[in-house]
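Numbering (full-length UniProt numbering), first residue to last: 1 to 252. Glycine included, C-beta positions come from ideal geometry on N, C-alpha and C. Bear in mind the structure is a predicted one, so any value in this text is a computation, not a measurement. This report refers to the structure that appears directly beneath it.
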């Protein structure tokens, strides 16, 4: 595995990244909750970028992968700040954001904070507002009490060791909710969602489409696809969606 480069942010965090040079608009992959830039989708997109000659950036949020910090110290706002710092420091011009799961939420926050740097958007099982609408809403009274009194709560995960959910993650997440008002997305957008996703229900994708306003938006539901969205057909769909967004960027 190739050693990453590192970016030091204004907050002093060390973000690990891999940057593929190429033509614009560049593509930036935004990973999911407690995932890293070595996942199947990120590496597949890097190979696609090398094959097609497009610039591509993959990186780890603080507390994720090879970046500095503890996962339990972070929250949505921190990771969105990391993503913005990486885009501003490492890319040039408007970018195509590809957000997977939590990365879809991060992408929407970036589209709101720095619209001039976003040329298009592709989300994969996007999980906007999940800290409130999935986690907090799904906690029972005992779990909520534990979170309030102890400051954290352990949740089982299908992807390895339990997730440690902190009180700060939940409370700070409320400051970054995006589905409580309309989302202005004035560029090509493709929302991809599997119908067999056990982590993000397809109703979230429908709600995201309903809340979004833009001239070129499509929601694609893939029958039987799960949250990983990483089988060959799903990866090919991601690539085709990115290519379509690139082709249509600047035309809307």
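Please list the terminal residues of the continuous beta strand (DSSP E) segment that includes residue i.
i: residue 99; result: 95-100
i: residue 8; result: 5-8
i: residue 122; result: 118-124
Give the single residue among the options whose Cα lies nearest to the Cα of residue i.
i: residue 187; options: 245, 60, 23, 125; result: 245
i: residue 215; options: 81, 58, 4, 184; result: 184
i: residue 195; options: 42, 41, 103, 225; result: 225
i: residue 9; options: 242, 228, 69; result: 69
i: residue 11; options: 241, 38, 4, 85; result: 85
i: residue 253; options: 103, 211, 203, 151; result: The structure shown does not extend to residue 253, since the chain is modelled only from 1 through 252, so no value can be given for it.
i: residue 122; options: 39, 235, 3; result: 235
i: residue 165; options: 177, 213, 191, 136; result: 136
i: residue 112; options: 34, 177, 219; result: 177
i: residue 179; options: 228, 205, 6, 124; result: 205
i: residue 219; options: 191, 241, 227; result: 191
i: residue 227; options: 163, 102, 145; result: 102
i: residue 33; options: 62, 44, 232; result: 62
i: residue 131; options: 241, 105, 207; result: 105
i: residue 138; options: 99, 200, 237; result: 200
Grab the span of the alpha helix (DSSP H) containing residue i for me, first residue to last.
i: residue 248; result: 232-248
i: residue 149; result: 141-150
i: residue 88; result: 76-90
i: residue 227; result: Element bounds for residue 227: n/a, residue is neither H nor E.
i: residue 34; result: Careful: residue 34 lies outside any alpha helix (DSSP H) and carries neither H nor E.
i: residue 205; result: 202-211
What residues match up with residue i in a beta bridge as DSSP calls it?
i: residue 219; result: 191
i: residue 20; result: 56
i: residue 160; result: 157
i: residue 26; result: 95
i: residue 14; result: 8
i: residue 165; result: 153
Please check if any C-beta of chain C sits within less than 8 angstroms of the C-beta of residue i.
i: residue 208; result: Of the chains in the structure shown, none is chain C; there is only one protein chain.
Whole beta strand (DSSP E) elements within the segment 167-198, 3-residue minimum: 189-194
Given 8 angstroms, three or more beta-carbon pairs between the segment 74-88 and the segment 162-175: yes
Sufficient close CB pairs (3 or more, under 8 angstroms) joining the segment 78-95 to the segment 145-165: no
contact_flag[the segment 12-20, the segment 58-66] where n(CB pairs < 8 angstroms) is 3 or more: yes
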